[in-house]
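Visitor: Chains A and B, in that order, give the protein sequences.
For what it's worth, the numbering used here labels the leading residue of the first sequence as 55, then goes sequentially.
For what it's worth, the numbering used here labels the leading residue of the second sequence as 238, then goes sequentially.
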Amino acid sequence: MEVFFSLKKAVKNGITKKESTLKKARAGQSLTVVKILGKGNLRKRLMEMGITKGTKLYVKKIAPLGDPMEITVRGYQLSLRKSEADSIIVT
Amino acid sequence: MSFVIALAGNPNSGKTTLFNELTGSTQYVGNWPGVTVEKKEGRLTKYREIAVVDLPGIYSLSPYTPEEIISRDFIIKQQPDIIINIIDATNLERNLYLTLQLLETDIPVVAALNMIDVIKKRGEYIDKDKLSQNLGCPVVETSASKGIGIDKLTEEILKIKAQPFIRKKYAYYDRRFEYFASDAEKIISGIVSNNKRWYAVKLLENDQIVKNSIKLDECLSAKLMQKVQALEKQFDDDCDSIIADVRYNYIAAVLKGIYIKKTDRKALSVTEKIDRIATNKWLALPIFFIVLWAVYYISVQTVGSFTVNALDGFFKNFAAAAGSLLNKINTANWLKGLICEGIIGGVGAVLVFVPQLVILFLLLSFLEDSGYMSRIAFIMDRVFRHFGLSGKSFIPMLIGTGCSVPAITGARTIENKKDRRMTIILTPFIPCGAKLPIFALIGGAVFPDYSLVAPSMYFMGIFTVIICGIMLKNTRMFKGEDAPFVMELPEYRMPSAKGIFIHMWERSKDFIIKAGTVIFAASCIIWVLVKFNWSFEMVQTKHSMLASIGKIIAPLFLPLGFGNWQCAVATLTGYAAKENIVATLGIVLGHQKEADFAAKVAALFDNPAAAYGFMVFVLLAPPCFAAISVMKRELGSLKWFTFAITFQLVISYTAAFFIYQIGSLFFYGGTAMSSVILTLLLALVFIYIIIYMFKNKNCKNCAKCAYKKCTHKS
Chain A
55 MEVFFSLKKA
65 VKNGITKKES
75 TLKKARAGQS
85 LTVVKILGKG
95 NLRKRLMEMG
105 ITKGTKLYVK
115 KIAPLGDPME
125 ITVRGYQLSL
135 RKSEADSIIV
145 T
Chain B
238 MSFVIALAGN
248 PNSGKTTLFN
258 ELTGSTQYVG
268 NWPGVTVEKK
278 EGRLTKYREI
288 AVVDLPGIYS
298 LSPYTPEEII
308 SRDFIIKQQP
318 DIIINIIDAT
328 NLERNLYLTL
338 QLLETDIPVV
348 AALNMIDVIK
358 KRGEYIDKDK
368 LSQNLGCPVV
378 ETSASKGIGI
388 DKLTEEILKI
398 KAQPFIRKKY
408 AYYDRRFEYF
418 ASDAEKIISG
428 IVSNNKRWYA
438 VKLLENDQIV
448 KNSIKLDECL
458 SAKLMQKVQA
468 LEKQFDDDCD
478 SIIADVRYNY
488 IAAVLKGIYI
498 KKTDRKALSV
508 TEKIDRIATN
518 KWLALPIFFI
528 VLWAVYYISV
538 QTVGSFTVNA
548 LDGFFKNFAA
558 AAGSLLNKIN
568 TANWLKGLIC
578 EGIIGGVGAV
588 LVFVPQLVIL
598 FLLLSFLEDS
608 GYMSRIAFIM
618 DRVFRHFGLS
628 GKSFIPMLIG
638 TGCSVPAITG
648 ARTIENKKDR
658 RMTIILTPFI
668 PCGAKLPIFA
678 LIGGAVFPDY
688 SLVAPSMYFM
698 GIFTVIICGI
708 MLKNTRMFKG
718 EDAPFVMELP
728 EYRMPSAKGI
738 FIHMWERSKD
748 FIIKAGTVIF
758 AASCIIWVLV
768 KFNWSFEMVQ
778 TKHSMLASIG
788 KIIAPLFLPL
798 GFGNWQCAVA
808 TLTGYAAKEN
818 IVATLGIVLG
828 HQKEADFAAK
838 VAALFDNPAA
848 AYGFMVFVLL
858 APPCFAAISV
868 MKRELGSLKW
878 FTFAITFQLV
888 ISYTAAFFIY
898 QIGSLFFYGG
908 TAMSSVILTL
918 LLALVFIYII
928 IYMFKNKNCK
938 NCAKCAYKKC
948 THKS
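1. Against B/A348, what residues of chain E qualify as contacts under a CB-to-CB distance less than 9 angstroms, listed in chain order?
2. Which residues share a DSSP beta bridge with B/Y496?
3. Going by the DSSP bridge assignment, what does A/S84 pair with across the sheet?
4. Might you give, ordered along the chain, the residues of its own chain that have their beta carbon closer than 7 angstroms to the beta carbon of B/K433, omitting 5 neighbours on each side?
5. CA-CA distance, B/E816 and B/V584?
6. Is B/P796 closer than 8 angstroms to B/V683 when the C-beta atoms are compared?
7. What span of residues does the beta strand (DSSP E) with B/C287 cover, start to end?
8. Let me check understanding here. Comparing Cα to Cα, which of B/F851, B/S874, B/F904, B/K283 lies closest to B/T891?
9. Under 8 angstroms between the Cβ atoms of B/G373 and B/L333?
10. Per DSSP, B/M775 is paired with what?
11. Does A/T75 have its Cβ less than 8 angstroms from a Cβ in chain B?
12. Among B/I581, B/S239, B/L461, whose alpha-carbon lies nearest the alpha-carbon of B/A289?
13. On the three-pair Cβ rule with 8 angstroms, is the region 783–795 of chain B touching the region 614–626 of chain B?
14. Count the other CB atoms within 10 Å of the CB of B/E286; is the residue buried (16 or more) or exposed (fewer)?
15. Output, in sequence order along the chain, the residues in the region 113–135 of chain A whose CB is closer than 7 angstroms to any CB in chain B.
16. With which residues is A/S147 paired in a DSSP beta bridge?
17. Of all the CB atoms in chain A, is at least one closer than 8 angstroms to the CB of B/L522?
18. What three-state label does DSSP hand B/Y409 in the structure shown?
19. Taking 8 angstroms as the threshold (C-beta atoms), are B/C669 and B/T646 in contact?
20. Suppose you measure from the CA of A/V127 to the CA of B/V438; what does that come to, to the nearest Å?
21. Which partner residues does A/T126 have in the DSSP bridge list?
22. In this structure, does DSSP put B/S536 in helix, strand or coil?
23. Considering only residues of the same chain and omitting the five flanking positions on each side of B/F878, which have a CB-CB separation below 6 angstroms?
24. Taking Cβ positions only, does A/T106 come closer than 8 angstroms to chain B?
25. Can a CB atom of chain B be found closer than 8 angstroms to the CB of A/R99?
26. Residues of chain A with CB closer than 8 angstroms to the CB of B/F615, please, in chain order.
27. Does the beta-carbon distance from B/I818 to B/T778 come in below 8 angstroms?
28. Tell me whether the beta-carbon of B/L856 lies closer than 8 angstroms to the beta-carbon of B/G698.
29. With 16 as the cutoff for other CB atoms within 10 Å, does B/M659 come out buried or exposed?
30. Name, going along the chain, the residues of the region 405–426 of chain B whose beta-carbon falls closer than 9 angstroms to a beta-carbon of chain A.
31. Buried or exposed: where does B/P692 fall if 16 or more other Cβ atoms within 10 Å of its Cβ makes it buried?
32. Taking the straight line between their C-alpha atoms, what separation do you get for B/P643 and B/I632?
33. Tell me the rounded alpha-carbon separation between B/G294 and B/I580.
34. State yes or no: is the C-beta of A/K114 within less than 8 angstroms of the C-beta of A/I105?
35. Can a CB atom of chain A be found closer than 8 angstroms to the CB of B/P270?
36. Quick check: the Cα distance between B/L259 and B/N249, rounded to an integer number of angstroms?
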């Protein structure tokens with residue numbers, strides 16, 4: 055039952071099987087941005103920093119205490135909290 | 238009105254360095270995104286009639302932070318004659334995002350392709366002529382740090398000055414988008430006269446602040462909303478991402494074929510090599526603590542204590558020399574006293590810390606300019622977030638071990654208002670250099686066998702920051718969503734000596750100015766209060782005005798175990814500068830042999846627990862006047878300032894109270910029954926306040942509640 059609900063929720067958010075959020079990515083993964091969820095300033099800021107649809111991201115490392123994460127985007131290094139990375143859908 | 242140039246660019250793109258090159262002035266530059274927080278003005282070295290304004294670094298013209306608002310307002314409302322857009326060539330794509338927005342305005346733009354030397358060194362190539370053609374604005378290759386391209390840039394400025402123009406042609410983003418943009422332009426054409434294109438795009442972006450700034454009537458507003466909706470429907474997306482997308486797509490098109498990157502990326506860059514160690518999973522924290530310890534050891538322990546002692550001797554001799562000189566010219570006794578004891582003694586007591594601070598700031602500047610500070614924020618963010626602070630709060634706290642004044646100013650780099658306020662309120666809890674002599678004196682006098690008592694104040698300070706951070710975070714004033722922590726990690730750079738010195742000077746200046754103004758005035762006033770009675774006759778300290786004030790407030794300290802006028806007076810004089818507390822105790826107890834002095838100090842307190850309580854009270858009470866005035870300036874509102882001071886008073890009093898009462902109860906045979914009851918009562922109130930604060934927690938933020946809500950819906 056729970057699986058069904060989580061699947062239903064995923065479909066509602068537009069996440070299909072292959073897609074997941076950046077939060078779940080491991081260091082060393084290369085990913086492509088599908089979309090950015092949420093609203094408001096954070097979302098806008100992420101897009102201004104160059105995280106837009108189709109952008110390639112490389113997860114460089116996770117901070118020693120497990121959060122935030124360092125990603126390479128458009129040739130520079132960006133630090134993102136996992137809670138923020140959670141709103142970025144990637145494949 | 239003179240001809241005005243605005244320098245605009247991303248944080249950390251080299252704007253301030255370029256500003257210094259253009260104007261010959263010395264502004265402080267750091268390798269920490271967001272160093273310039275106020276706009277700074279200067280004039281071109283060779284053409285004094287041209288004013289240059291250095292704007293804070295911004296990523297975009299949609300404002301979230303105070304810096305971005307300053308920059309955007311200046312560009313749109315003040316209409317500078319030229320914008321020089323500094324582009325970090327090593328980070329072309331993202332920097333061009335701002336460039337495109339600047340090119341949407343009507344103001345002529347000159348793009349400075351900065352750090353071109355790094356690009357050449359890497360063996361990469363940017364075709365600047367084609368870039369200029371594609372962007373529709375002059376492009377000059379520069380390297381601000383090496384002084385390359387400054388003349389060319391001046392040339393372009395003069396060219397535009399001789400032949401001003403208003404941009405007619407704008408970047409053509411996307412066929413479908415432009416259709417809506419030109420419609421929007423038509424809608425607002427009756428309302429705005431300048432920067433129509435910029436307004437049109439902003440309105441399609443549904444930027445509320447821009448919308449409110451121009452007076453749209455309901456009819457036009459509805460028309461615009463229709464356009465926005467149609468645009469969203471056409472692109473099947475929301476307006477925010479449509480515009481970010483079309484801009485970035487346009488950038489990609491502009492750069493096609495003119496930017497040759499080095500594709501063979503097998504070799505690690507220097508930054509990558511350093512980061513392999515500096516932010517390594519296992520090594521990062523040990524390295525961080527070693528760096529921290531080294532900074533502290535060099536600035537406070539070794540070089541610091543040496544210079545403090547040397548300068549202390551110097552000021553004593555200076556006061557004596559001044560005294561004998563004043564004697565010779567027959568100065569009145571009171572004036573001599575005011576100059577030698579009040580002014581030289583008072584200001585000298587603060588100035589002895591200057592070399593120590595200078596060294597501390599020198600080291601911190603090195604960390605900042607090299608790029609390591611951003612890594613500290615990266616490593617420590619996880620820890621700080623739990624106390625309602627961000628990784629960026631670490632730097633002010635670290636500077637706070639030297640002096641709270643530059644520390645509080647340094648909190649400006651924190652983007653989020655809540656985090657910034659919290660940092661400003663909590664930073665004074667970190668023991669500054671001036672508080673150390675107090676701890677050393679009392680620790681030595683009361684706890685001669687426990688060398689850890691004085692250093693334990695650092696732990697008390699940090700502990701209080703953590704506890705108060707958690708407490709405040711859950712109050713109505715600070716609750717809510719965590720602020721975004723989207724932070725650029727800049728490339729490591731070898732800082733230039735000039736840069737470090739400028740940076741260090743900026744910080745030290747704050748402290749020296751404070752010594753020259755606030756402390757100077759406070760020293761004079763306190764000297765008068767200590768030396769005179771209410772009928773303005775020179776008397777011994779125990780009959781002075783200050784002593785009588787002390788006697789009035791002393792009962793307040795009875796529950797803390799040091800309810801005598803000497804301690805009360807010492808706390809009061811501490812507001813001129815905290816090190817005054819030691820000097821005041823020296824005066825009110827009378828100068829004598831060291832052993833006697835220690836015994837007399839110890840006798841001031843009911844028991845050792847009270848002495849420890851006094852140390853904690855000094856540690857946590859509101860800082861000196863200079864720091865208080867900076868707090869007021871940086872908090873920017875009377876309400877917040879009053880809150881901060883009240884909060885610090887309450888915390889310091891409560892902490893000292895509990896240390897004395899509980900300490901007495903457990904270690905020194907208990908106190909009077911009335912005290913026990915009072916303690917219990919206060920404890921209850923305190924617990925109630927904490928519970929009350931936690932009750933205010935917003936349910937949306939708590940995972941449990943959010944989950945519950947979800948189940949209700951489905």
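Built from N, CA and C at the ideal position, the CB exists for glycine as well.
Just so we're clear, the structure is a prediction, and the values are computed from it rather than from any experiment.
Guide: In short, the structure shows the following:
1. This model lacks chain E altogether, as its protein chains are A and B.
2. Under DSSP, B/Y496 takes part in a beta bridge, and its partners are B/I363.
3. Within the DSSP secondary-structure output, A/S84 pairs in a beta bridge with A/Y112.
4. Taken in chain order, the residues that qualify are E422, I425, S426.
5. 11 angstroms
6. no
7. According to the sequence displayed, residue 287 of chain B carries Ile and not Cys. 287–291 is the span of the beta strand (DSSP E), which, as asked, contains B/I287.
8. B/F851
9. Going by C-beta atoms, B/G373 is not nearer than 8 angstroms to B/L333.
10. The partner list for B/M775 (beta bridge, DSSP) reads B/F769.
11. no
12. Residue identity check: residue 289 of chain B is Val in the sequence provided, not Ala. When only C-alpha atoms are compared, the closest one is B/S239.
13. no
14. exposed
15. Those would be K115, A117, P118, L119, G120, D121, P122, E124, R128, G129, Y130, Q131, L132, S133, L134, R135, in chain order.
16. For residue 147 of chain A there is no data in the structure shown, the boundaries of chain A being 55 and 145.
17. The C-beta of B/L522 comes closer than 8 angstroms to at least one C-beta of chain A.
18. In this structure, B/Y409 counts as coil in the three-state DSSP scheme.
19. Not a contact, by the Cβ cut-off of 8 angstroms.
20. 25 angstroms
21. A/Y112, A/Q131
22. helix
23. K869, L872
24. yes
25. yes
26. A117, P122, E124, S133
27. Taking a C-beta distance under 8 angstroms as the contact criterion, B/I818 and B/T778 do not qualify as a contact pair.
28. yes
29. With 16 or more other Cβ atoms within 10 Å, it is buried.
30. none
31. Exposed is the call here.
32. 11 angstroms
33. 42 angstroms
34. no
35. In this predicted model, B/P270 has a pLDDT of only 47, less than 50, meaning its place in the structure is not dependable enough to derive any value.
36. 17 angstroms
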